[in-house]
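*Asks:* Below you will find the structure I want to go over with you.
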């Protein structure tokens, strides 16, 4: 049966907060739901007592503005989002306006950065006029529609000559409304990176990615209105789809809309940080609700944007369904959407031609923003292969062995044609399509990540070949001019880890995410949507964003690939069957001397802590739930002991049951 009415699948699990430790100092989320300004960025005109507006003050006197055009810029110290409130005290009517920006570049008393639509003059959001209070005194609170989903800098402007006093500036977070304690993560990661200018970089990056996805988790009725308000400004009180509860969207400031491709990164970040897979479920229910009953197609995005025409994003909706099942074991969810799922997959398979590859029509060639996604596109076919492989697993779980075998056979046909038609032996990379001389970052990264390669030498060649696109601040994507795209960078990062090239993977992190996290153009907390070769915020300037550098999102979940990659590869901890009934631990040491962390599922805690000592000993503690079992692949060869007992293990693999195990390897 097809999805007509959506029944919410409410979580019944009790998940515990992750262990406390030094990593908690890097958590950007507060233990409450409120934020206060951290510092005064600047004042202009006559503003007395501006420091009274800061969160660390005990004064209730506030700041007094005198003179038309006087203003203060408050810095919250990181990306924040929600509904602003403050106290107003004035002897006469007030005329106060507010402007918001993520990057300090766009601080202005006259305009906010653009969040609703693009303009080369970045002036369409404008300012929010504070309505005059009837008694000239009282508390102002933003409406839900007026809330700002993402910003770091707030400018408060007095637009009249008489004095007005403002106090008690507070922001109440609207993101992740189901958490009273926003810092109550169910996972953590900690490592020292002595090869970078900030040895805490990897831990900060892990928490920055976790916090980004947290900020992308919003009430389904607080999406961005489209089209924008007729007189300018913004409105964040639209429906994000026919569900109640929370949805996982692309960005905090914008688009505040479900895009299933983005979830190909951000759902994994949910797993390792908050275990909020309910938001991913709801977002997938939104996507299935968009299905065309005549063709089986799903939309490119959810409402209110309702974009159409993307084979790759249909694949991501289907792949995401498997990810949610793998992490939660919720087979009822799969059953609920199965009719829609198989209909959408039939649409995709109908485009496979006699070459054995999907021939993407121009009308379904949209993707993350890249050009030339049509034809036998390498990225699209890699995603269709993964869709079929994971579809076979879901069909098997539902007891439909015949369908599972058919999906597996079709996947093998695609893999054979993929290598026959698209592999360029001379370049050591896959072509964008069989007629192209372009070797894309996305298709090659996905080929390794999704197991489209036939042998280890291909994997090594791709890992090496992708470095030809690197700049000092990240890979310059061949498939979109002047673009460094962390979404695709997250796939490339995993490809290097899979190749066993951990130090190369860390080099990529240092370049691309090191730039993002430390440049003074960014919010230095959450993850940028993208940037250009010279580091500017002009991402997609000539490819849809109309040279509006202020429109670029500074809290985009698709850029959080490092957060789960550090867990999946540096710790080496992955789930190999639903909820982690079976698991794998295969650390890639990556030039580090120690790392630890873990996450929870409904079965319990999964944790890894490893250290390499100066005397050439590798020590690893693994914690997994009782009743589970897994395979450990050791990163070094030598004499092995498990729980204090020597083993006769040959090679580097161990089979272990759930519980706590301490493994020591004296390397040879």
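In mature numbering (1 follows the signal peptide of the UniProt record, and there is no 0), the protein residues as written are -20 to -1, 1 to 648. Quick reminder that beta carbons are idealized off the backbone N, C-alpha and C, glycines included.
(1) Less than 8 Å between the CB atoms is what I'm expecting for residue 534 and residue 506, so what's the real figure, rounded?
(2) Round the Cβ separation of residue 92 and residue 80 to the nearest angstrom and send it over; I've been treating them as touching at under 8 Å.
(3) Return the residue from the list 558, 312 and 612 that minimises the CA-CA distance to residue 636.
(4) Counting pairs of Cβ atoms below 8 Å between the segment 420 to 432 and the segment 449 to 458, do you hit three or more?
(5) May I have the straight-line CA-CA distance separating residue 586 from residue 476, to the nearest angstrom?
(6) For residue 63 and residue 155, what's the separation of their Cα atoms in angstroms?
(7) Do you know offhand how far residue 510's Cα is from residue 406's?
(8) Could you check whether the segment 517 to 525 touches the segment 233 to 251, counting it as contact only if at least three pairs of C-beta atoms, one from each stretch, sit closer than 8 Å?
(9) Only counting runs of 4 or more residues, tell me where the alpha helix (DSSP H) segments fall wholly within the segment 202 to 271, in order along the chain.
(10) Might you give, ordered along the chain, the residues of its own chain that have their beta carbon closer than 6 Å to the beta carbon of residue 605, omitting 5 neighbours on each side?
(11) What separation, rounded to the nearest whole angstrom, lies between the Cα atoms of residue 3 and residue 508?
(12) Provide the residue(s) that pair with residue 338 in DSSP beta bridges, ordered along the chain.
(13) Under 6 Å Cβ to Cβ from residue 305, same chain only, skipping five residues before and after it: list those, please.
(14) Going by DSSP in three states, residue 305 sits in which element: helix, strand or coil?
(15) Note down, in chain order, each residue of its chain lying with its Cβ closer than 6 Å to the Cβ of residue 350, except the 5 sequence neighbours on either side.
(16) Just list the alpha helix (DSSP H) runs in the segment 403 to 491, keeping only unbroken ones of 4 residues or longer that don't cross its boundaries, in chain order.
(17) Would you kindly check if the distance between the Cβ of residue 158 and the Cβ of residue 258 is under 9 Å?
(18) Note down the Cα distance separating residue 577 from residue 640, rounded to an integer number of angstroms.
(19) I need the straight-line Cα distance from residue 200 to residue 86, nearest angstrom please.
(20) Cβ atoms of residue 429 and residue 395: under 9 Å apart, would you say?
(21) Excluding the 5 residues preceding and the 5 following residue 403 in the sequence, name in chain order all residues of the same chain whose CB lies nearer than 7 Å to its CB.
(22) Would the beta-carbon of residue 246 fall within 9 Å of that of residue 140?
(23) Where does the unbroken beta strand (DSSP E) through residue 80 begin, and where does it stop?
(24) I'd like the list of long-range same chain contacts for residue 278, defined as Cβ closer than 6 Å, with 5 residues on each side in sequence excluded.
(25) If you compare alpha carbons, which of 280, 371 and 359 is closest to residue 319?
(26) Can you check the segment 61 to 140 for any beta strand (DSSP E) of at least 3 residues that lies completely inside it and give the ranges in chain order?
(27) Answer yes or no: do residue 634 and residue 642 have a C-beta to C-beta separation smaller than 9 Å?
(28) Taking 9 Å as the threshold (C-beta atoms), are residue 332 and residue 357 in contact?
(29) When the Cα of residue 557 is compared with those of 303, 479, 229 and 212, which residue comes out closest?
(30) Determine the DSSP secondary structure at residue 315, reduced to helix, strand or coil.
(31) Could you pull the start and end residues of the beta strand (DSSP E) that residue 605 belongs to?
(32) Please name the residue or residues paired with residue 352 in a DSSP beta bridge.
(33) Under the assumption that residue 262 contacts residue 213 (Cβ atoms under 8 Å), give the Cβ distance between them as a whole number of angstroms.
(34) Spatial neighbours of residue 484 within its chain, please: CB distance less than 8 Å, with the 5 preceding and 5 following residues excluded, ordered by chain position.
(35) Roughly how many whole angstroms lie between the Cα atoms of residue 190 and residue 334?
(36) Is residue 516 helix, strand or coil by DSSP?
*Replies:* In terms of the structure at hand:
(1) Position 554 of the chain shown holds residue 534. Position 526 of the chain shown holds residue 506. Right, the Cβ-Cβ distance comes to about 6 Å (below 8 Å), so this counts as a contact.
(2) The residue given as residue 92 occupies position 112 in the chain shown. The residue given as residue 80 occupies position 100 in the chain shown. Right, their Cβ atoms sit about 5 Å apart.
(3) Stepping through the chain shown from its first residue, residue 636 is reached at position 656. Closest by alpha carbon: 612.
(4) yes
(5) In the chain shown, counting from the first residue as 1, residue 586 sits at position 606. In the chain shown, counting from the first residue as 1, residue 476 sits at position 496. Near 24 Å, if we compare the C-alpha coordinates of residue 476 and residue 586.
(6) Taking the chain shown and counting its residues from 1, the one referred to as residue 63 is at position 83. Taking the chain shown and counting its residues from 1, the one referred to as residue 155 is at position 175. Answer to the nearest angstrom: the Cα atoms are 10 Å apart.
(7) Start at 1 with the first residue of the chain shown, and residue 510 comes out as number 530. Start at 1 with the first residue of the chain shown, and residue 406 comes out as number 426. Using only the alpha carbons, I get a separation of about 31 Å.
(8) no
(9) 240 to 253 and 257 to 269
(10) Indexing the chain shown from 1 puts residue 605 at position 625. Counting only Cβ-Cβ distances below 6 Å, and skipping sequence neighbours, we find 583, 584 and 638.
(11) As a first step, residue 3 is located in the chain shown; it is residue number 23 there, counting from the start. As a first step, residue 508 is located in the chain shown; it is residue number 528 there, counting from the start. C-alpha separation (whole angstroms): 23 Å.
(12) Position 358 of the chain shown, counted from the start, is the residue given in the question as residue 338. 332, per the DSSP bridge assignment.
(13) If you number the chain shown from 1, residue 305 lands on position 325. Contacts found: 314.
(14) Position 325 of the chain shown, counted from the first residue, corresponds to residue 305. If DSSP states are grouped into helix, strand and coil, residue 305 belongs with the helices.
(15) Locating residue 350 in the chain shown gives position 370, where the first residue counts as 1. Closer than 6 Å at Cβ, skipping near neighbours: 459 and 460.
(16) 421 to 429, 436 to 446, 466 to 478 and 482 to 488
(17) Here residue 258 refers to the residue found at position 278 of the chain shown. Here residue 158 refers to the residue found at position 178 of the chain shown. Yes; because the gap between Cβ atoms is below 9 Å, this pair is in contact.
(18) Taking the chain shown and counting its residues from 1, one reaches residue 577 at position 597. Taking the chain shown and counting its residues from 1, one reaches residue 640 at position 660. Looking at the two C-alpha atoms, the distance is approximately 14 Å.
(19) Here residue 200 refers to the residue found at position 220 when the chain shown is read from its first residue. Here residue 86 refers to the residue found at position 106 when the chain shown is read from its first residue. Their backbone Cα atoms lie some 29 Å apart in a straight line.
(20) Mapped onto the chain shown, residue 395 falls at position 415. Mapped onto the chain shown, residue 429 falls at position 449. In this structure, residue 429 does not lie closer than 9 Å to residue 395 by Cβ.
(21) Here residue 403 refers to the residue found at position 423 when the chain shown is read from its first residue. Result list for residue 403: 410, in chain order.
(22) In the chain shown, residue 246 corresponds to position 266, counting from 1. In the chain shown, residue 140 corresponds to position 160, counting from 1. No, Cβ-Cβ distance for residue 246 and residue 140 is not below 9 Å.
(23) Taking the chain shown and counting its residues from 1, one reaches residue 80 at position 100. Where residue 80 is concerned, the enclosing beta strand (DSSP E) stretches over 76 to 81.
(24) Position 298 of the chain shown holds residue 278. Cβ neighbours of residue 278 beyond the five flanking positions: 267, 270, 271, 294, 297 and 324.
(25) As a first step, residue 319 is located in the chain shown; it is residue number 339 there, counting from the start. Out of 280, 371 and 359, 371 has the C-alpha closest to the C-alpha of residue 319.
(26) 76 to 81, 108 to 110, 117 to 121 and 128 to 138
(27) Along the chain shown, read from residue 1 onward, the residue named residue 634 stands at position 654. Along the chain shown, read from residue 1 onward, the residue named residue 642 stands at position 662. Not closer than 9 Å, so no.
(28) On the chain shown, residue 357 is found 377 positions in, with the first residue counted as 1. On the chain shown, residue 332 is found 352 positions in, with the first residue counted as 1. Contact: no.
(29) One-based indexing of the chain shown puts residue 557 at position 577. Comparing Cα positions, the closest option is 303.
(30) Here residue 315 corresponds to residue number 335 of the chain shown, with the count starting at 1. It is helical.
(31) Here residue 605 refers to the residue found at position 625 when the chain shown is read from its first residue. Here the beta strand (DSSP E) through residue 605 covers 597 to 613.
(32) Here residue 352 refers to the residue found at position 372 when the chain shown is read from its first residue. Partner(s): none; residue 352 has no beta bridge.
(33) The sequence position of residue 262 within the chain shown is 282, counting from 1. The sequence position of residue 213 within the chain shown is 233, counting from 1. Contact flag wrong, Cβ pair sits at about 28 Å.
(34) Position 504 of the chain shown, counted from the first residue, corresponds to residue 484. So the list reads 443, 447 and 476, once near-sequence residues are dropped.
(35) Position 210 of the chain shown holds residue 190. Position 354 of the chain shown holds residue 334. C-alpha separation (whole angstroms): 44 Å.
(36) Against the chain shown, residue 516 aligns to sequence position 536. Here residue 516 sits in coil by DSSP.
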